[in-house]
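Accompanying notes for the structure given below.
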Amino acid sequence: MAIKLCRIDDRLIHGQVVVGWGARLGLDFIAVVDDELSASEWEQDLYRAGLPENIEARFADVAEAIREISAWKANDERGFVLTRDIATMRRLAEAGALDGVEVNIGGIHAAAERQRVLPYLFLSPADGGELRRLGATGVEVTAQDVPGARKLDLDEILDLAQG
Amino acid sequence: MSSSEVQGILVSHGKMADGLLDAVREITGLTEGLVALDNLGLTPDDLEERLDHLTSDKPSVVFVDLPSGSCAFVARRLRARRANVAVVCGVNLPLLLDFVFHRNLPLDDIVARLRTHVGVSIEHTTDGDKTVPDR
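In structure tokens:
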């Protein structure tokens, strides 16, 4: 399988993804699944501008990603699927696009109604509900910001969120 | 700071920006026109809002650490709508030292200086002077 990891991170393409995980996993491409960003060429160019030459950025909306993901999995290239929020990843999972792939929560930051769960993870009650729906699809959900950090499973995350 | 002088804004992961500012102060005694921001605990939107405020009425060079990092992305977003902002990725001390002594130049001239006059020195033991006797 060539999809090495699926990650939820509100910063999308950034240092931890490109250097922390990208170098570790030997990535060839990062597939950003985001309905809004897939329609914005100039924002896509901003993200591409920061990538090293050996990593390609692909942008897709959810519907396109569901169509393409089996090809991404079958390809020899090593890839990383990235969404900025839980709901987008949950939509992929509910469509069966993430079977057999681990979903990593790598960064959801402070906002209104969100409480700190981990230094890199803040969740609102609605976020908690989305996480439960994501877990109910059967995919493995973990939280880990960088390789080498302790990995928490979904039950641990939800326990911490309930404080 | 003179209103015509260009300001420098250091944006980094962790505490690198503060550390670089401290090093500039240690070497030159100058930090006027330089501001350090780190991204700890900030969303990209928070960081962009702070940068937007800092650069609203001054020509600025935003120095960031990693070309693929969130700090660089935020700076590029800002530059896309601000003609008075330049973005320099891969900030290091020689770049900053050159900048603090040339802030009086127009923004375009500063960028040209940083692009062409300030190199990074990479040296290796085999490059050494063979006439120096071993100890």
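Protein chains in written order, with the numbering used here: chain U, 1481 to 1643; chain R, 1446 to 1580.
Every residue gets a Cβ at the ideal spot worked out from N, C-alpha and C, and that includes glycine.
It should be emphasised that the depicted structure is a prediction, and the values quoted were computed from it without experimental measurement.
Using beta-carbon distances, T1500/R does not count as an interface residue toward chain U, since no partner is under 8 Å. Counting only the Cα atoms, S1604/U lies some 27 Å from I1546/U. Distance between N1534/U and G1643/U, taken at the CA atoms: about 42 Å. Against chain U, the CB of R1522/R has a partner CB under 8 Å away; the residue lies at that interface. The stretch 1459-1471 of chain R and the stretch 1534-1544 of chain R touch, with no fewer than 3 CB-CB distances between them shorter than 8 Å.
With a cutoff of 8 Å on beta-carbon distance, I1493/U and S1513/R are scored as near each other. Within a 10 Å sphere around the beta-carbon of S1518/U sit 16 or more other beta-carbons, which makes this residue buried.
Contact between the stretch 1491-1504 of chain R and the stretch 1623-1639 of chain U is absent: fewer than 3 CB-CB pairs across the two stretches fall below 8 Å.
Around the C-beta of H1589/U, 16 or more other C-beta atoms lie within 10 Å, and the residue is accordingly described as buried. For E1536/U, the enclosing beta strand (DSSP E) stretches over residues 1536-1540. If only complete runs of 4 or more residues are kept, the stretch 1493-1555 of chain R shows the alpha helix (DSSP H) at 1515-1526, 1538-1545, in order along the chain. Partner residues in the beta bridge of R1487/U, as assigned by DSSP, are L1562/U, N1584/U. Between D1490/U and chain R, the shortest Cβ-Cβ separation is below 8 Å.
Just measuring C-alpha positions, the residue of A1511/U, G1618/U, W1501/U sitting nearest G1576/U is G1618/U. Shown here, V1499/U sits in a helix according to DSSP, grouped into three states. Spatial neighbours of L1531/U in its own chain (CB-CB distance under 8 Å, excluding positions within 5 residues in sequence) are listed in chain order as I1493, V1498, I1510, A1537. Note on geometry: alpha-carbon atoms of H1562/R and G1495/U lie some 27 Å from one another.
Contact between the stretch 1469-1488 of chain R and the stretch 1623-1632 of chain U is absent, with fewer than three C-beta pairs closer than 8 Å. Take the alpha-carbon of L1552/R and the one of G1478/R: they are about 14 Å apart. Residue-level contact by beta carbon holds for G1530/U and chain R, with a gap shorter than 8 Å. A1543/U carries a helical assignment under DSSP once its states are collapsed to helix, strand and coil. Interface flag for G1495/U against chain R is set, since a Cβ pair is found closer than 8 Å. Residues are counted here when their Cβ sits less than 7 Å from a Cβ of chain U; for the stretch 1455-1476 of chain R these are H1458, given in chain order. Rounded to the nearest angstrom, the gap between the Cα atoms of F1560/U and N1549/R is 45 Å. Beta bridge pairing from DSSP links Q1595/U with L1603/U.
Counted as a single uninterrupted DSSP element, the beta strand (DSSP E) harbouring A1623/U occupies residues 1621-1623. For L1526/U, a Cβ of chain R is located within less than 8 Å of the residue's own Cβ. Contact with chain R is found for W1522/U, since one of that chain's Cβ atoms lies less than 8 Å from the residue's Cβ.
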